[in-house]
Amino acid sequence: MLGTMSSASREKTLILMRHAKAEEGAGKPDHDRELAARGRRDAKAAGSWLHTEGLVPDLVICSTAQRTRQTWEEACRGGAHTEFVEFRRSVYLGGSEQTLETVREDAGDTSTVLVVGHNPTMAQLTSLLTDGEGSREAHEALGHGFVTSGLAVLHYAGEWADLDLGTCELTRFHVSRGRED
Numbered sequence: 003m004l005g006t007m008s009s010a011s012r013e014k015t016l017i018l019m020r021h022a023k024a025e026e027g028a029g030k031p032d033h034d035r036e037l038a039a040r041g042r043r044d045a046k047a048a049g050s051w052l053h054t055e056g057l058v059p060d061l062v063i064c065s066t067a068q069r070t071r072q073t074w075e076e077a078c079r080g081g082a083h084t085e086f087v088e089f090r091r092s093v094y095l096g097g098s099e100q101t102l103e104t105v106r107e108d109a110g111d112t113s114t115v116l117v118v119g120h121n122p123t124m125a126q127l128t129s130l131l132t133d134g135e136g137s138r139e140a141h142e143a144l145g146h147g148f149v150t151s152g153l154a155v156l157h158y159a160g161e162w163a164d165l166d167l168g169t170c171e172l173t174r175f176h177v178s179r180g181r182e183d
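The sequence shown runs 3 to 183 under the numbering used here.
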């Protein structure tokens, strides 16, 4: 019985989310680009999906970019919720290795972490962490591209500090699209 309890406490969920559709960057620094109207709708739909699926992150690690911040804000308007949000420049500037390191360092003893970031990092990190393991259907969906408002849900059994390449399974991949009112 004791063994079952300790392994259950090691069960983790990592959700990797690509920011929603952003405005074109003409004349504006990339970091300051905001969500397009479609992006706001899609991010809100993503929040609704997270809520409906019962995916409640204990921690959100969000890139410092304006479009990722707005993605999480809109997701919350759609029903997503968390107690803690950390904004990390490493998720904006860094690639998959730096983002992975940020998760290892920041996740602590949480059971569910959601990262709001950018491509190609979100796609690369999903691929590296899962190494083809998990749901065939989810991998096929991901194969069509980690598009804006895409959410990869990964299962991990271990301590966050030990999260490494090939240690997760991809359980779901969902693309959220909102409706125009």
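Backbone N, C-alpha and C fix where the C-beta goes; we use that ideal spot for every residue, glycine too. Only a predicted model underlies this, so the values are computations on that prediction, with no experimental measurement involved.
Rounded to whole angstroms, the gap between the alpha carbons of Glu103 and Lys14 is 16 Å.
Annotation: the continuous beta strand (DSSP E) that includes Glu13 extends over Glu13 to Arg20.
Restricting attention to beta strand (DSSP E) runs no shorter than 3 residues, the segment 71–104 encloses them at 86–90, ordered along the chain.
In this structure, DSSP gives Ser113 a state outside helix and strand, which the three-state scheme calls coil. Within the same chain, Ser65, Thr66 and Ala67 come within 6 Å of Tyr94 by CB-CB distance, once the 5 residues on both sides are set aside. Under the three-state reduction of DSSP output, Ala67 falls in the coil class, being neither helix nor strand.
According to DSSP, residue pairing for Glu25 in a beta bridge does not occur.
Between the alpha carbons of Pro31 and Arg69 lies a distance of about 12 Å.
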